[in-house]
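*Asks:* Quick note: the sequence shown, position 153, residue 273 per our numbering, numbers continuous. The C-beta atom is built at its ideal place from N, Cα and C for all residues, glycine as well. The structure presented is a predicted model; accordingly, all values stated were derived computationally and were not measured.
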Amino acid sequence: MFDMWWLALKRRRLNVDLPAMRSFLEAPLPTGNTHFDQLEFLVVDLETTSLDADNGEVVSIGWVPVKSGSIQLADAEHHFSKVDAGVGQSAVIHHIRDSELHDAASVTAIMNRFLAVAAGKVLVFHHAELDMAFLNRLSKKLYSVPLLAPIVDTLQLERRRLLRKESALAPGVLRLHRCRQRYNLPDYPGHDALTDAIATAELLVAWAVFSGGKRGVSLADCLA
121 MFDMWWLALK RRRLNVDLPA MRSFLEAPLP TGNTHFDQLE FLVVDLETTS LDADNGEVVS
181 IGWVPVKSGS IQLADAEHHF SKVDAGVGQS AVIHHIRDSE LHDAASVTAI MNRFLAVAAG
241 KVLVFHHAEL DMAFLNRLSK KLYSVPLLAP IVDTLQLERR RLLRKESALA PGVLRLHRCR
301 QRYNLPDYPG HDALTDAIAT AELLVAWAVF SGGKRGVSLA DCLA
């Protein structure tokens, strides 16, 4: 099981001078037995120029908070990021063109804002491995430390749930839209960072209700 105590210890051991990361690391974290409806989540999605974090760049990032079990749409944010090499063929997927990024914010400004909003919250992704590879790379580049945070992956939550009933999973069943369909959630257009963040937030809340209710699920259940 994910150890919140060990995460907090690793955060305290980091020596960081840059204010944005220092404030993020100093924010207190919830304990593993905190109920779902007492937690603050930040649900995040990225659009990138590649699936390879070593060579790709972040084109846009969207996030939406979930507080007291409710999605806070009024506090959702969507940011476009300047890229060095252009969006290339990735525009076919996310439909963001280089011309739309001329006035985009720097990745440093976006990361500083992200850390301010994410402080003390549990980060949520659908396929966290991919998005966290980019965020960790940026964190190490800008702040010289990894992005240490409690992370919930709705893909893994659904994978665990399905494997309790089935010995193997068919290809594609863990894609975001397929996961949402099993909870009778509506279809949204994909590959927009904010829309996908909201879609993931809805999936998270639906999973919690299905898995025991917002008082019956703890942070440890989400992280296990």
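Three-state secondary structure (DSSP) at Ala211?
*Replies:* Numbered from 1 along the sequence shown, position 91 holds the residue referred to as residue 211. Any reading at Ala211 is ruled out, since the residue's pLDDT is 45, under 50, leaving its predicted position unreliable.
*Asks:* Throw me the rounded Cβ distance for the Leu235 and Ala140 pair, which I believe falls under 8 Å.
*Replies:* As a position in the sequence shown, residue 235 is number 115, starting the count at 1. As a position in the sequence shown, residue 140 is number 20, starting the count at 1. Confirmed, Cβ separation roughly 5 Å.
*Asks:* Can you find the residues in the same chain that come closer than 7 Å, C-beta to C-beta, to Val203, ignoring five residues on each side of it along the sequence?
*Replies:* For the purposes of this step, residue 203 is taken as the residue at position 83 of the sequence shown. The beta carbon of Val203 is closer than 7 Å to those of Thr169, Glu177, Val179 and Leu221 in its chain, skipping five residues each way along the sequence.
*Asks:* CA-CA distance, Asp307 and Leu324?
*Replies:* Taking the first residue of the sequence shown as 1, we reach residue 307 at position 187. Taking the first residue of the sequence shown as 1, we reach residue 324 at position 204. Approximately 15 Å, taken between the alpha carbons.
*Asks:* Mind checking which residues open and close the beta strand (DSSP E) that includes Ala245?
*Replies:* The count along the sequence shown starts at 1 and reaches residue 245 at position 125. Ala is not the amino acid found at residue 245; the sequence shown has Phe there. Per DSSP, Phe245 belongs to the beta strand (DSSP E) from Val242 to Phe245.
*Asks:* Which first and last residues belong to the alpha helix (DSSP H) in which Val272 is found?
*Replies:* The residue you call residue 272 lines up with position 152 of the sequence shown. Per DSSP, Val272 belongs to no alpha helix (DSSP H); it is in the beta strand (DSSP E), Ile271 to Asp273.
*Asks:* So what's Val179 in DSSP terms, helix, strand or just coil?
*Replies:* Taking the sequence shown and counting its residues from 1, the one referred to as residue 179 is at position 59. Strand, per DSSP.
*Asks:* Just how far apart, CA to CA, sit Ala326 and Arg302?
*Replies:* Looking up residue 326 in the sequence shown gives position 206. Looking up residue 302 in the sequence shown gives position 182. Taking the straight line joining both Cα atoms gives about 10 Å.
*Asks:* Helix, strand or coil for His311? Go by DSSP, reduced to three states.
*Replies:* Taking the first residue of the sequence shown as 1, we reach residue 311 at position 191. Here His311 sits in coil by DSSP.
*Asks:* With distance defined between alpha-carbon atoms, name the residue in Pro270, Arg280, Glu286 and Pro291 nearest to Met124.
*Replies:* Counted from its first residue, the sequence shown places residue 124 at position 4. Per the C-alpha coordinates, the member of Pro270, Arg280, Glu286 and Pro291 positioned closest to Met124 is Pro270.
*Asks:* Hey, out of Met252, Asn256, Val244 and Ser190, whose CA is closest to Asp273's CA?
*Replies:* Mapped onto the sequence shown, residue 273 falls at position 153. The candidate whose alpha carbon is nearest that of Asp273 is Val244.
*Asks:* I'd like to check one pair, Leu275 with Val305: are the Cβ atoms closer than 8 Å?
*Replies:* In the sequence shown, residue 305 corresponds to position 185, counting from 1. In the sequence shown, residue 275 corresponds to position 155, counting from 1. Reading off the sequence shown, one finds Leu at residue 305, where the question assumed Val. No, the pair does not count as a contact, with Cβ atoms beyond the cut-off.
*Asks:* Across which residues does DSSP place Ala225 in a beta bridge pair?
*Replies:* Position 105 of the sequence shown, counting from 1, holds the residue named residue 225. Ala225 is bridged to Ser201.
*Asks:* Where does Thr168 fall in DSSP's three states?
*Replies:* In the sequence shown, counting from the first residue as 1, residue 168 sits at position 48. Of the three classes helix, strand and coil, the one that applies to Thr168 here is strand, per DSSP.
*Asks:* Could you tell me which uninterrupted beta strand (DSSP E) segments, each at least 3 residues in length, are contained entirely in the stretch 281-327, listed from first to last along the chain?
*Replies:* none
*Asks:* Classify Ser259: buried if its beta carbon has 16 or more other beta carbons within 10 angstroms, exposed otherwise.
*Replies:* Numbered from 1 along the sequence shown, position 139 holds the residue referred to as residue 259. Buried, since its Cβ has 16 or more Cβ neighbours within 10 Å.
*Asks:* Would the stretch 151-163 and the stretch 182-196 be scored as touching if the rule is three or more Cβ pairs under 8 Å?
*Replies:* yes
*Asks:* Hey, how far is the Cα of Leu289 from the Cα of Leu138?
*Replies:* Position 169 of the sequence shown holds residue 289. Position 18 of the sequence shown holds residue 138. Roughly 44 Å between the two C-alpha positions.
*Asks:* Going by DSSP, what residue range makes up the alpha helix (DSSP H) through Phe156?
*Replies:* As a working mapping, residue 156 is identified with position 36 in the sequence shown. Per DSSP, Phe156 belongs to no alpha helix (DSSP H) and is neither H nor E.
*Asks:* Quick check: the Cα distance between Ala253 and Leu193, rounded to an integer number of angstroms?
*Replies:* One-based indexing of the sequence shown puts residue 253 at position 133. One-based indexing of the sequence shown puts residue 193 at position 73. Their Cα atoms are separated by approximately 26 Å.
*Asks:* Report back the beta-carbon spacing between Arg257 and Ala313 to the nearest angstrom; my notes put them in contact at under 8 Å.
*Replies:* Stepping through the sequence shown from its first residue, residue 257 is reached at position 137. Stepping through the sequence shown from its first residue, residue 313 is reached at position 193. Contact doesn't hold; Cβ gap of about 17 Å is too wide.
*Asks:* Just reading off the alpha helix (DSSP H) that Arg133 is part of, what are its end residues?
*Replies:* Locating residue 133 in the sequence shown gives position 13, counting from the first residue. Residues Met124 to Arg133.
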